[in-house]
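Engineer: So the protein sequences, as listed, match chains U and E. Yeah, the first sequence ends on 1247 if you go by the working numbering, and it's all consecutive. Yeah, the second sequence ends on 1247 if you go by the working numbering, and it's all consecutive. Heads up, the beta-carbon is just placed ideally off N, CA and C, and yes, glycines get one too.
There are 2 protein chains.
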Amino acid sequence: MTATSENLNPQTRGNLRQPKSVLRVAIEDVQPEIDCGRFPITRTPGEYVTVSADIFSDGHDVIDALVQYREDGDTAWHEEPMVLLNNDKWEAQFRVGGVGRYFYTVRAWVDSFKTWSRDLAKKAAAGHDLRLDLMAAEKFIAAAARRGTPADSEKLNALGARLGGLAGTDALTALAFLEDEDLISLLSTYRDSSTDTIYEKELAIRVDRPRARFGSWYEMFPRSCTNSPERHGTLRDCAEYVEYVAYMGFDVLYLPPIHPIGLTERKGKNNSTSPSPHDPGSPWAIGSKDGGHKAIHAELGTFTDLEALKEKAAQHGIELALDLAFQCSPDHPYVKEHREWFRSRADGSVQYAENPPKKYQDIYPLDFETPRYAELAEELKSVVLFWVSHGIRIFRVDNPHTKAFVFWEWMIREVQRGYPDVIFLAEAFTRPKIMYRLAKLGFNQSYTYFAWKNTKEELTKFGTEITQPPVSDFFRPNLWPNTPDILNEYLQEGGRPASIARLILAATMGANYGIYGPAFELIENRPVREGSEEYLDSEKYQIRVWNRDDPRSLKEIIRRVNTIRRESIALQSNLHLEFHPTDNPELIAYSKTSEDRSDKILVIVNLDPVNRQMGWVDVVLSEFRLAPGESFELQDLLTDRKYVWQGSRNYVELNPAYLPAHIFRVQPLR
Amino acid sequence: MTATSENLNPQTRGNLRQPKSVLRVAIEDVQPEIDCGRFPITRTPGEYVTVSADIFSDGHDVIDALVQYREDGDTAWHEEPMVLLNNDKWEAQFRVGGVGRYFYTVRAWVDSFKTWSRDLAKKAAAGHDLRLDLMAAEKFIAAAARRGTPADSEKLNALGARLGGLAGTDALTALAFLEDEDLISLLSTYRDSSTDTIYEKELAIRVDRPRARFGSWYEMFPRSCTNSPERHGTLRDCAEYVEYVAYMGFDVLYLPPIHPIGLTERKGKNNSTSPSPHDPGSPWAIGSKDGGHKAIHAELGTFTDLEALKEKAAQHGIELALDLAFQCSPDHPYVKEHREWFRSRADGSVQYAENPPKKYQDIYPLDFETPRYAELAEELKSVVLFWVSHGIRIFRVDNPHTKAFVFWEWMIREVQRGYPDVIFLAEAFTRPKIMYRLAKLGFNQSYTYFAWKNTKEELTKFGTEITQPPVSDFFRPNLWPNTPDILNEYLQEGGRPASIARLILAATMGANYGIYGPAFELIENRPVREGSEEYLDSEKYQIRVWNRDDPRSLKEIIRRVNTIRRESIALQSNLHLEFHPTDNPELIAYSKTSEDRSDKILVIVNLDPVNRQMGWVDVVLSEFRLAPGESFELQDLLTDRKYVWQGSRNYVELNPAYLPAHIFRVQPLR
């Protein structure tokens, strides 16, 4: 390939160089392409990538194009022909293979033989003398023969000779001869590709393992795995609850930090600054004389206990996820050993975390602008690799938006280079562009604003944004109705129906979702004070005893919802989320369908936790491949009741006192 | 500047390198940026460039940003501070200087002093002890002093010492002292810029001369500057009509090709293939034994005559534009001298132009895929430079979309490097993406689909597209109601009112427009045959005698419209084109306003050339900086009649038999 001035940057000063050969085809607006190719798109194994581009040439010649893709490390490209959609927009699809990095680009060219062939047909139809044109065909064939393998070359020469015999005498037979499939295929294989235009960038794909796309998370404080507030729960206790978590159908069990907790400036119950001597402190105040991010809090147990918990969880199909909170309590060994990783106040003391006028004297942030940055970054990477060496492959990252972007991109790439199955979930409740940046930098999943999207309008806008390109090409939402930090007003006020509605919304709108339990299933909804989103008696600061057998628990419906998720491939990805209009602002309707549209789920939720709501749903029949007026069966997967609907407009009624939602499987009645 | 992994390409294999220092700010989505910076944006001298970008950092620190810009060749950057709009979107504006190339980029940083200062204010408000914080300020000042000039350094040290004196004793005075403007300005000047993030691209601007933005074109066949079809008009005759063209108020006089015309396969009247011996042939069949693209057709005159015409036109404020049609008649000297620049048929004859089954045997296209491409390209460039050396600075380029893109980009850059005042108008009536590509490659102006946009809906969509970014950042439309190739149905059927309406639409919607005369002003509207857009007895194939004094001529209204254009700066650019709703589909209303909104033009056109149309216009008052319900004066610049309107909803009535349009100047009644 000779580069031509078509590909040069406009910044080039002075004169453009003359190209050695003229590449006639232009390739513009290749999609997907994140930030001009600065960042990869993401997929999971076997998922489609649909590549489009504007492709055109000067003049009126026939052009052709293909997408080239390959796995990192391979030198040969796979090829997928592109087809012209309209307005010079071309498209092709391919499926990625297993976990790893892939690259794709676009190649396009003027096809001289196809141009000639198209023109010949027009001339033949107009009754022109074709002798000279047919002679030109011999030249095409001869040129292809020169590029062919000996065998193909021989074939081509024979075909050329035959054509030569016909061209002068029998134009119509010659024409028919030119439609010979072997000939066309050989001419295509051995076309002159020296002036193909190849898009100037190789765009990257990061293929993560399936769990990155689909998972049901359960967050639980192991210290509350106890039957008494005086008895600190342990990892061994926690293992006793694996069956409970598995019963509900979760895939990922996420533990808040399990490291030694600092004593200095320790917070008491309800974030009090005057703790009692027995208060266990916040697990996010990491580090004590017993160790830091590579140690386990003694009251929780040992590495052996962790290993046992991990093994038991694995037996139940559950993966452990640990917390990565890169911050230190004043007692963290780093403070003494690596004083230069922290900022100083004017008196030489360590700068604690602040959000003026608020002070967080129990937390020392790491200083990513330290002159020792490289050393700090290596240490933090080693923390991740330490837990990876203990078999942990999922990390929930605390507040990544308060650490340098450059660190995350480097660290995640470094870790995934050796362990491409490691998943990082970004807990960045911050402004949208920062959230998206973190995803671009490498986070495999991200918390979202879901907890604050409660109205139909909010949910529709939010659901659409996170499941459409370009966002869906790099950002994987993980939807949480609650977290230890977020008990929002809707849950506080709405009681049981609100909790069920939010569970179903999270679990069916997002392929990844999670709950913080047992607070969620036990409908713990008391805020620490009016107007706060913090839990009263939060587990962040104290040990809680939970009655998991409470008959009011939502565990049965959670089990049902997670079973539905496991049995529906439509719910296991964010492809094809479509909102269906309803005439009642309290009724939201949306569907998810699988790639091949064989699995079709329609969800309808009454967002009003108090009143029965009824109305008409305008089903977008095309989403279900249904014809106008066609009848279809709806099976409510929550209750197993069946309904038959006809055409688009159908009545629905939901009583929150009974169940605030339908999760229908849609089947045509054929 | 040390590059950091923030700026590395995702294609980087293996591990990312550790950055030497951490650049905390991310810069995304810089606008304008054409095709990831592959192409420049365009402006004319003194025009604004508004640059926006998404800019944000990790954490909660105060960030700041500026746009840097410079002229090509300068090493120092000018700077314009950016302001935060919302949602992390920042913006700045600057004005370009004179003709030439410019570059811009974005720089952003965490401002430690401003962060500290913001936090200090919050702490002060909360009544915290500020002593340690004030001591930190001394560090900022000392660091800035180390970076300052000796004089500024001394100043800063003095201020630091004063602060030191106050900090321990009188916090409030110290606080006030920190608001000292000199201090803040010095701290800003000498801030640490070593970890600024600089956007990875320098984006280019091509500043063309003002005529590229605003001009009224008149196309005329010099051979028809005659009073008898038997007498070939000459360039000297043409010069006699300069006053006529000037009277109508045109700025550019564009002549179809003036080169020797081929005899072989010459076309006769109405494109007949059996010409009479007296038929003059098509000026686009370039080249005879008398010469090619660097010669003047003998019957038109000499270089001296061309010089005289150019001079006379210049005296009347009119510039000559020549045609660049890079194709040859079979008699062109190139055919003998550079046989390898043309394709061959199988019998060794030269391949004529085809659009199968149509044949254009009078035209030999140049082959941009010839192995002698470099030689061909140099020769074609030399054609342009030849006419440049004869004082021509405007070229109308015939069918550029049938020649290689790479040639145009190279040739235009080469020519404009020496002669940045040369303007190229692309005549590419082809698919939109190709049209836009040619503009991106360097064409200063482009013909458009205007001739086929006749309904209100079509005009609104078209007008919006061509005047909004990104299109308006690289594409300058030149609107033609007719050309020698385009007499569309609306003009054929609509008679005088249609011609006036199309004139006014072209001249007020586009800052650049043109007509092909005298056919236009004499309302020549007979097609060669039913359903054709070709003129009957087209000047392309014969000499026409025109009665320019015909009382039905539109020359007076053309004069008026061009006068209005010269007196209205709003009409001299495509900034702020806004469509105002009307309740009648035959009434289109739109406004143009100048950059400072002091010049305000409201145009209303009745698109129905037969019937009087009336209706209500919903004036978008904000475009005119008018308050709701405010009264304002409208002066019709076509008739000088004045009207007073109030508020947004106003009645309008237009009778095509009288005048199908208003061109109002809008004035508040204050």
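Taking 8 angstroms as the threshold (beta carbon to beta carbon), is E/Lys980 in contact with chain U?
Structural biologist: The beta carbon of E/Lys980 sits closer than 8 angstroms to some beta carbon of chain U.
Engineer: Please classify E/Thr581: does DSSP put it in a helix, a strand, or coil?
Structural biologist: Annotation note: pLDDT 36 at E/Thr581 (below 50); position unreliable, coordinate value reported separately. Note: E/Thr581 maps to coil in three-state DSSP.
Engineer: From the DSSP output, read off the bridge partner residues of U/Ser634.
Structural biologist: Paired residues: U/Val602.
Engineer: For the segment 619-643 of chain E, which residues have a CB atom closer than 7 angstroms to at least one CB atom of chain U, in sequence order?
Structural biologist: Listed in sequence order: Asp631, Phe633, Asp635, Gly636 and His637.
Engineer: Leaving out five residues on either side along the sequence, give the residues of the same chain with a beta carbon under 6 angstroms from the beta carbon of U/Arg1174.
Structural biologist: Arg1202
Engineer: Which bits of chain E does U/Asn932 rub up against, with CB to CB less than 8 angstroms?
Structural biologist: His637
Engineer: When you compare each of E/Ala1147, E/Val1180, E/Glu1144 and E/Arg1143 to E/Phe1156 by their alpha carbons, which one comes out closest?
Structural biologist: E/Val1180
Engineer: Hey, how far is the Cα of E/Ile1077 from the Cα of E/Arg1137?
Structural biologist: 12 angstroms
Engineer: So is U/Arg601 buried or exposed if we call it buried at 16+ other beta carbons inside 10 Å?
Structural biologist: buried
Engineer: Could you tell me which residues DSSP puts in a beta bridge with U/Tyr831?
Structural biologist: U/Glu796 and U/Ala898
Engineer: Roughly how many whole angstroms lie between the Cα atoms of U/Trp964 and E/Thr682?
Structural biologist: 42 angstroms
Engineer: Does any residue of chain E have a CB that is nearer than 8 angstroms to the CB of U/Leu600?
Structural biologist: yes
Engineer: Could you check which residue in U/Glu624, U/Tyr625, U/Val626 and U/Asp641 has the C-alpha nearest to that of U/Ile632?
Structural biologist: U/Asp641
Engineer: Just confirm the distance between the C-beta atoms of E/Arg973 and E/Ala1028, as a whole number of angstroms; I'd bet it's less than 8 angstroms.
Structural biologist: Their Cβ separation, rounded to whole angstroms, is 15 angstroms, which puts E/Arg973 and E/Ala1028 out of contact at 8 angstroms.
Engineer: To the nearest angstrom, how far is it from the Cα of U/Thr1216 to the Cα of U/Asp612?
Structural biologist: 46 angstroms
Engineer: Start and end of the alpha helix (DSSP H) containing E/Asn1139?
Structural biologist: Lys1132 to Glu1144
Engineer: Against E/Arg723, what residues of chain U qualify as contacts under a CB-to-CB distance less than 7 angstroms, listed in chain order?
Structural biologist: Within chain U, no residue comes near E/Arg723; the closest Cβ sits about 16 angstroms away, beyond 7 angstroms.
Engineer: Just to confirm, is the Cβ distance from U/Asp828 to U/Ser851 under 8 angstroms?
Structural biologist: no
Engineer: Mind listing the chain U neighbours of E/Leu549? Cutoff is C-beta to C-beta under 7 angstroms, in chain order.
Structural biologist: One cannot answer for residue 549 of chain E here, as it falls past the ends of chain E, which runs 578 to 1247.
Engineer: Which residue marks the beginning of the beta strand (DSSP E) containing E/Val1182, and which one marks its end?
Structural biologist: Lys1177 to Asn1183
Engineer: With distances taken Cα to Cα, identify the nearest neighbour of U/Ala1088 among U/Gly1072, U/Gln1149 and U/Asp1114.
Structural biologist: U/Gln1149
Engineer: State the CB to CB distance for the pair U/Asp1159 and U/Glu1200, rounded to an integer number of angstroms; the pair is presumed to be in contact (CB under 8 angstroms).
Structural biologist: It should be pointed out that residue 1159 of chain U corresponds to Thr in this sequence rather than to Asp. In fact, because the Cβ distance is near 15 angstroms, the residues do not count as touching under 8 angstroms.
Engineer: Is it the case that the CB of E/Arg594 approaches a heavy atom of the ligand NAD more closely than 7 angstroms?
Structural biologist: Within the structure as shown, the ligand NAD is missing, as the structure has no ligands at all.
Engineer: Quick one: list the residues of chain U neighbouring E/His705, beta-carbon separation under 9 angstroms, in chain order.
Structural biologist: Pro933, Pro934 and Lys936
Engineer: For E/Ile604, which residues from the same chain have a beta carbon less than 7 angstroms from its beta carbon, with the 5 sequence-adjacent residues on both sides left out?
Structural biologist: Ala630, Ile632, Val683, Ala685, Thr774 and Tyr776
Engineer: Between U/Gln588 and chain E, is the shortest Cβ-Cβ distance under 8 angstroms, so that the two count as touching?
Structural biologist: With a pLDDT of 41 at U/Gln588, under the threshold of 50, the modelled position of that residue is not reliable, and the figure given next carries that caveat. For U/Gln588, the answer is yes, since a Cβ of chain E falls inside 8 angstroms of its Cβ.
Engineer: Kindly list, in the order they appear in chain E, the residues whose Cβ is closer than 7 angstroms to that of U/Met712.
Structural biologist: Ala923
Engineer: Kindly identify the DSSP beta-bridge partner or partners of U/Asp773.
Structural biologist: Answer is none; U/Asp773 lacks a bridge partner.
Engineer: For E/Leu733, which residues in the same chain have their Cβ closer than 7 angstroms to its Cβ, ignoring the five residues on either side in sequence?
Structural biologist: Counting only Cβ-Cβ distances below 7 angstroms, and skipping sequence neighbours, we find Ile718, Ala721, Ala722, Gly725 and Leu763.
Engineer: Less than 8 angstroms between CB atoms is the rule here; does U/Gln1137 satisfy it with respect to chain E?
Structural biologist: The residue asked about is misnamed: residue 1137 of chain U is Arg in this sequence, not Gln. Taking Cβ atoms only, chain E never reaches closer than 8 angstroms to U/Arg1137, which makes this a no.
Engineer: Looking at E/Val784: is its Cβ nearer than 8 angstroms to the Cβ of E/Val644?
Structural biologist: no
Engineer: Comparing alpha-carbon positions, which option in E/Asn1065, E/Leu743, E/Leu1154 and E/Pro837 lies nearest E/Glu1110?
Structural biologist: Out of E/Asn1065, E/Leu743, E/Leu1154 and E/Pro837, E/Asn1065 has the C-alpha closest to the C-alpha of E/Glu1110.
Engineer: Anything in the segment 938-952 of chain E with a Cβ closer than 7 angstroms to a Cβ of chain U? List those residues in chain order, please.
Structural biologist: Phe945, Glu946, Tyr950 and Ala951
Engineer: Going by beta-carbon coordinates alone, are E/His809 and E/Pro854 separated by less than 8 angstroms?
Structural biologist: Their beta carbons are not under 8 angstroms apart, which means E/His809 does not touch E/Pro854 by this criterion.
Engineer: Count the CB pairs spanning the segment 801-821 of chain U and the segment 1117-1136 of chain U that are closer than 8 angstroms, and state whether there are at least three.
Structural biologist: yes
Engineer: Would you kindly report the start and end of the unbroken alpha helix (DSSP H) that includes E/Ser1049?
Structural biologist: Here the alpha helix (DSSP H) through E/Ser1049 covers Val1048 to Phe1051.
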